[in-house]
Amino acid sequence: MLSRSFGMRSSALRAASKVRSTPSSYARTLSTTASRAGDETLNKFSSKITQPKSQGASQAMLYATGLSEDDMNKAQVGISSVWYEGNPCNMHLMDLSAVVRASVAKAGLIPYRFNTIGVSDGMSMGTKGMRYSLQSREIIADSIETVMNGQWYDGNISLPGCDKNMPGVAIAMGRVNRPSIMVYGGTIKPGCTKKGENVDIVSAFQAYGQYITGEITEEERFDIIRHACPGSGACGGMYTANTMATAIETLGLTLPGSSSSPAEDPAKKAEPLRTP
836 MLSRSFGMRS
846 SALRAASKVR
856 STPSSYARTL
866 STTASRAGDE
876 TLNKFSSKIT
886 QPKSQGASQA
896 MLYATGLSED
906 DMNKAQVGIS
916 SVWYEGNPCN
926 MHLMDLSAVV
936 RASVAKAGLI
946 PYRFNTIGVS
956 DGMSMGTKGM
966 RYSLQSREII
976 ADSIETVMNG
986 QWYDGNISLP
996 GCDKNMPGVA
1006 IAMGRVNRPS
1016 IMVYGGTIKP
1026 GCTKKGENVD
1036 IVSAFQAYGQ
1046 YITGEITEEE
1056 RFDIIRHACP
1066 GSGACGGMYT
1076 ANTMATAIET
1086 LGLTLPGSSS
1096 SPAEDPAKKA
1106 EPLRTP
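Per this note's numbering, the very first residue in the sequence shown carries number 836; after that it's consecutive.
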């Protein structure tokens, strides 16, 4: 994934990052051995704080995060996850971000994870909570833009899961204008009632109308509600989340197939490890 999205040659980067012997020679090479792939400087932005002697405080704080002297010459990638526990669309994204983090590190880059907020349209629908849905898109974009620019990360990988998450991270990509890619959290599996009928979130919305018109009993209504959402993933249909993921994949901002890999399918966790 990384070699495709960032156009990086990890071997060149690792070779550059190994130029080190004594502390004095290390100091001399700081300004000349920035990690490169071909003629392209990979740490173009992070070098603003990792290289100049005038940014000693920045470097001291980066060392505190666990970086080595060699790491100071490597490009840094911000991994922005729209993770929070209270929504099936997003509750698995922290685990997925760990896979992305490992993939970034394996490529010889420095991964830094951070989170932003989200609002579940499915949960807030029909309530005043929906007043916060659209503005969550802007907060997501603002949050990613703020961290990427404030921390001087060289690239971005975003992990959205629900409705306004996807346009939010796409807006951030355009604002920041650095190498970026999206890894969609994936769709949920279909649910199954006691009768063996497939159900999803729309079934849960429709169940109330069916109940008050006498089409189904209370027992049948609760059966639908209880089994409509069986685990992690976005609402199972071509609703906002999957539609946005498909559109963003079409724009080339994800790897091919990202929008169609279910959240709990092994293919989703394998996605960040893919290469061309």
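We put the CB at the ideal spot given by N, CA and C, even for glycine.
ask   = Between which two residues does the alpha helix (DSSP H) carrying I979 extend?
value = S968 to Q986 is the extent of the alpha helix (DSSP H) around I979.
Quick one: what does DSSP say F880 is sitting in, helix, strand or coil? DSSP places F880 in coil when its eight states are reduced to three.
Check your understanding: What residue from G913, T962 and M926 has the CA that sits closest to S1067's CA?
Key -> Checked all of G913, T962 and M926; the closest Cα to S1067 is M926.
| query | Do you know whose CA, among F1057, S881 and E1099, lies nearest L913's CA? | reply | The sequence as given places Gly at residue 913; Leu does not occur at that position. Just measuring C-alpha positions, the residue of F1057, S881 and E1099 sitting nearest G913 is S881.
message: Within 10 Å of its beta-carbon, does S889 have 16 or more other beta-carbons around it, so buried, or fewer, so exposed?
response: Classification for S889: exposed.
Exposure of E920, with buried meaning 16 or more beta-carbon neighbours within 10 Å: Counting the other Cβ atoms within 10 Å of the Cβ of E920 gives fewer than 16, which makes it exposed.
Just the Cα atoms here: how many angstroms apart are M965 and K1029? Distance between the alpha carbons of M965 and K1029 is about 32 Å.
- Query: Grouping DSSP H, G and I as helix and E and B as strand, with all else coil, what is R936?
  - Reply: DSSP places R936 in helix when its eight states are reduced to three.
**G990 (DSSP reduced to helix, strand or coil)** = Note: G990 maps to strand in three-state DSSP.
Quiz item: Nearest to P1107 by alpha carbon, out of C1064, A1042, I1016 and C1027?
Solution: Checking every option, the nearest Cα to that of P1107 belongs to I1016.
- prompt: How far does the beta strand (DSSP E) with G913 in it reach, from first residue to last?
  reply: Looking at the DSSP string, the run of the beta strand (DSSP E) that includes G913 is Q911 to S916.
Open item on the list: Considering only the alpha carbon of each residue, which of A1063, V954 and A1080 lies closest to P1091?
Closed with: The option with the nearest alpha carbon to P1091 is A1080.
How about A1063 and D1100: are their beta carbons less than 9 Å apart? Between A1063 and D1100, the C-beta spacing is not below 9 Å.
So I945 is in the beta strand (DSSP E); what residue range does that whole segment cover?
Looking at the DSSP string, the run of the beta strand (DSSP E) that includes I945 is I945 to N950.
(Q) Tell me the residue span of the alpha helix (DSSP H) that contains S1015. (A) Unbroken run through S1015 is the beta strand (DSSP E), S1015 to M1017; no alpha helix (DSSP H).
Only counting the same chain, and skipping five residues up and downstream in sequence, which positions put a Cβ closer than 6 Å to that of V1004?
Same-chain partners within the cutoff: S993, P995 and M1017.
Notebook entry, point to check: Looking at the unbroken alpha helix (DSSP H) that takes in M926, where does it start and where does it end?
Noted result: First-last for M926: undefined, no H or E at that position.
What is the rounded straight-line gap between the Cα of E1055 and the Cα of R1010?
-> So the alpha carbons of these two residues sit roughly 48 Å apart.
Count the other C-beta atoms from every protein chain shown that fall within 10 angstroms of the C-beta of A895, then say buried if there are 16 or more, exposed otherwise. Exposed.
Inset, instruction - Please confirm whether G990 and Q911 have their CB atoms less than 9 Å apart. - result: Yes, Cβ-Cβ distance for G990 and Q911 is below 9 Å.
task = Ignore the nearest five residues each way along the sequence and tell me which others in S860's own chain have a CB closer than 7 Å to its CB.
result = With a pLDDT of 36 at S860, under the threshold of 50, the modelled position of this residue cannot be trusted; read the value that follows with caution. Nothing listed; no residue qualifies.
Quiz item: Would you call I979 buried or exposed, if buried means 16 or more other Cβ atoms sit within 10 Å of its Cβ?
Solution: Label assigned to I979: buried.
### Query
What number of angstroms, rounded off, separates the C-alpha of M983 from the C-alpha of C997?
Straight-line spacing of the CA atoms in M983 and C997 works out to 21 Å.
With H, G and I counted as helix, E and B as strand and the rest as coil, what does DSSP make of N1012? Coil, per DSSP.
Count the other CB atoms within 10 Å of the CB of S856; is the residue buried (16 or more) or exposed (fewer)?
The pLDDT assigned to S856 is 36, lower than 50, so where the model puts this residue is not dependable; a value taken from the coordinates is nonetheless given after this. S856 should be labelled exposed.
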